[in-house]
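If you read the sequence shown in the numbering used here, its first letter stands for residue 1, the second for the next number, and so on.
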Amino acid sequence: MKKILLIGIGAGHPEQITVQAVNALNRTDVFFLLDKGYANDDLLRLRTDICERYITHDDYRIVQVLDPKRLGNPQSYEAGIEAWHEQRAVLFEQLIADEVGEGEVGGFLVWGDPSLYDSTLRILDRVLARGAQLFDYQVIPGITSVQALVAQHRIPLNRIGEPIQITTGRRLAECREDQITNVVVMLDANCGFEAFAETDLHIYWGAYLGTPDEILIAGKLKDVSAEIQRVRETVRREKGWIMDTYLLRKPD
Ligand SMILES: C[S@@+](CC[C@H](N)C(=O)[O-])C[C@H]1O[C@@H](n2cnc3c(N)ncnc32)[C@H](O)[C@@H]1O
1 MKKILLIGIG AGHPEQITVQ AVNALNRTDV FFLLDKGYAN DDLLRLRTDI
51 CERYITHDDY RIVQVLDPKR LGNPQSYEAG IEAWHEQRAV LFEQLIADEV
101 GEGEVGGFLV WGDPSLYDST LRILDRVLAR GAQLFDYQVI PGITSVQALV
151 AQHRIPLNRI GEPIQITTGR RLAECREDQI TNVVVMLDAN CGFEAFAETD
201 LHIYWGAYLG TPDEILIAGK LKDVSAEIQR VRETVRREKG WIMDTYLLRK
251 PD
């Protein structure tokens with residue numbers, strides 16, 4: 001039977017990769033790299049660097065394909081995601097059919113951990129449900145950007161007895177200040193923290209975590225909100241892309 005490995009590769013630091021992931025890399029015959037089409041694709045390079053660094057033989061292939069673009073759906077956000085997932089399922093099915101032979105292992109290198117805001121697992125389930133390709137799959141966990149953020153700020157993710165919420169910038173926009181104790185925000189293209197700039201909340205912000213371009217800013221939102229926005233916009237323009245994550249925390 002064909003086997004597919006979803007290998008969590010950490011959030012940007014090439015050493016944030018587990019021994020289990022290194023072993024998985026070494027038993028993969030073909031890697032699928034999804035090209036997001038950025039002009040300067042550091043993210044693709046990090047994946048190929050990881051292969052070169054950790055695989056101890058030359059007997060593997062890399063297949064790079066253009067990831068279908070997610071188009072907004074005027075009717076609903078969910079409908080847009082649904083259409084995008086279907087397009088990706090068709091692509092994955094084709095890749096597995098054409099590139100993974102019987103008894104071979106195909107690998108997807110997943111940013112951070114495959115369980116957190118990543119659709120690869122859902123799409124593989126979709127491919128199986130379509131019924132044209134039969135394969136077994138395994139998930140190899142990785143270090144998430146949430147862990148990288150709190151490690152770099154040298155703070156625990158939780159304070160004693162307090163809940164932690166992980167959400168997106170889109171969902172943060174629906175929160176009131178009194179609903180925030182510890183909220184980690186990912187996938188926020190619009191600086192959602194700005195809506196709380198006049199509150200007493202603290203922020204621990206990190207961009208390009210684990211990479212040589214890492215930036216960390218922390219403090220009372222009142223004091224650092226404008227600085228984060230300015231820095232974020234400058235580096236995003238310079239590099240052409242940004243990945244940032246932050247923790248909003250009620251003061252002690
Ligand atoms: C599609 S999600 C993938 C999350 C990933 N699976 C994980 O475990 O961290 C992409 C979001 O993760 C966060 N992210 C991933 N890598 C990051 C990094 N190196 N620095 C800061 N944020 C990062 C950002 O919020 C980004 O918008």
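Glycine residues also receive a C-beta, built at the ideal position from the N, C-alpha and C atoms.
(message) Shorter than 8 Å, the distance from the beta carbon of LEU247 to the closest heavy atom of ligand 1, or not?
(response) Here residue 247 refers to the residue found at position 247 of the sequence shown. No, the beta carbon of LEU247 sits no closer than 8 Å to any heavy atom of ligand 1.
(request) Could you tell me how far apart the beta carbons of GLN249 and LEU201 are, in whole angstroms, since I believe they sit closer than 8 Å? (result) What you label residue 249 is simply residue 249 of the sequence shown in a count that begins at 1. What you label residue 201 is simply residue 201 of the sequence shown in a count that begins at 1. In the sequence under discussion, the amino acid at residue 249 is Arg, which differs from the Gln named in the question. That belief holds up - the Cβ atoms of ARG249 and LEU201 are roughly 7 Å apart, short of 8 Å.
(request) Could you round the C-beta distance between THR168 and VAL183 to whole angstroms and report it? I think they count as a contact, below 8 Å. (result) Counting from 1 along the sequence shown, the entry for residue 168 is found at position 168. Counting from 1 along the sequence shown, the entry for residue 183 is found at position 183. 11 Å between Cβ atoms; not a contact.
(message) Which residue marks the beginning of the alpha helix (DSSP H) containing GLU77, and which one marks its end?
(response) Your numbering for residue 77 matches position 77 in the sequence shown. The residue asked about is misnamed: residue 77 is Tyr in this sequence, not Glu. 77-99 is the span of the alpha helix (DSSP H), which, as asked, contains TYR77.
(request) Could you name the residues of the same chain whose beta carbon sits closer than 6 Å to that of GLN94, not counting the 5 residues immediately before and after it, in chain order? (result) For this step, residue 94 is matched to residue 94 along the sequence shown. Taken in chain order, the list of residues that qualify is empty.
(message) Quick check on the DSSP output: the alpha helix (DSSP H) that includes GLN165 runs from which residue to which?
(response) Stepping through the sequence shown from its first residue, residue 165 is reached at position 165. Annotation: GLN165 is outside any alpha helix (DSSP H); the continuous beta strand (DSSP E) that includes it extends over 165-168.
(message) Using 8 Å as the cut-off, can you tell me whether the stretch 4-11 makes contact with the stretch 100-114, which would need three or more C-beta pairs spanning the two stretches below that distance?
(response) yes
(message) In the DSSP output, which residue or residues are listed as bridge partners for PHE31?
(response) Working through the sequence shown from its first residue, we reach residue 31 at position 31. ILE62 and GLY107, per the DSSP bridge assignment.
(message) Quick check: what's the CA-CA separation for ASP42 versus MET1?
(response) Within the sequence shown, numbered from 1, the residue matching residue 42 stands at position 42. Within the sequence shown, numbered from 1, the residue matching residue 1 stands at position 1. C-alpha separation (whole angstroms): 34 Å.
(request) Could you please give the first and the last residue of the uninterrupted beta strand (DSSP E) stretch that includes ASN182? (result) Position 182 of the sequence shown, counted from the start, is the residue given in the question as residue 182. DSSP places ASN182 inside the beta strand (DSSP E), whose first and last residues are 182-186.
(message) Which residue wins for smallest C-alpha separation from LYS69, given the options ILE55, GLU78 and GLN87?
(response) Reading the sequence shown from its first residue, position 69 is the one you call residue 69. Closest by alpha carbon: GLN87.
(message) Between the stretch 234-247 and the stretch 172-179, can you find at least three pairs of beta-carbon atoms closer than 8 Å?
(response) no
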